[in-house]
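Trainee: Counting in this note's numbering, the sequence shown runs from 52 upward without gaps.
We put the CB at the ideal spot given by N, CA and C, even for glycine.
Take a look at the following structure, please.
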Amino acid sequence: MDDDGIRMCSAEERLEESVAVLELRSLRLESVMFDLEVWMTTLGDARAGARWSGPAATVFGWSADELAQHLRAAAAALDVGAGIARGAATSAVADGRG
52 MDDDGIRMCS AEERLEESVA VLELRSLRLE SVMFDLEVWM TTLGDARAGA RWSGPAATVF
112 GWSADELAQH LRAAAAALDV GAGIARGAAT SAVADGRG
């Protein structure tokens, strides 16, 4: 294999590794989101049962909702990043660069 072939193979491997890393991060974040959602549901049920009361419960509820919103946005961003990386890898392979 000549130098160009080695470089192309190496570039394809790097692209595939990048996509794999992004997909793994996305799966991990999805798992965290699921666990957090279960925890927040349990917390909400506890609050509804008057285990939490007063202003502290309201503030905590808002904080948990805001955290969930940020985590959902992060998960969406990772999905977009994985899609872009996957598209770039596909284009590079199709163009003979990867």
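#1: Taking the CB atoms as reference points, tell me whether residue 139 and residue 66 lie closer together than 8 Å.
#2: Indicate the three-state DSSP secondary structure (helix, strand or coil) for residue 149 in the structure shown.
#3: Inspect the beta-carbon positions of residue 80 and residue 136 and report whether they are closer than 8 Å.
#4: Apply the 10 Å Cβ neighbour rule to residue 70 and answer buried if 16 or more other Cβ atoms are within range, or exposed otherwise.
Mentor: To lay it out plainly:
#1: It is a contact, given that the beta carbons lie within the stated cut-off.
#2: Model confidence at residue 149 stands at a pLDDT of 49, short of 50, so the residue's coordinates are unreliable; what they give is reported in the following sentence. Of the three classes helix, strand and coil, the one that applies to residue 149 here is coil, per DSSP.
#3: Not a contact, by the Cβ cut-off of 8 Å.
#4: Result: buried.
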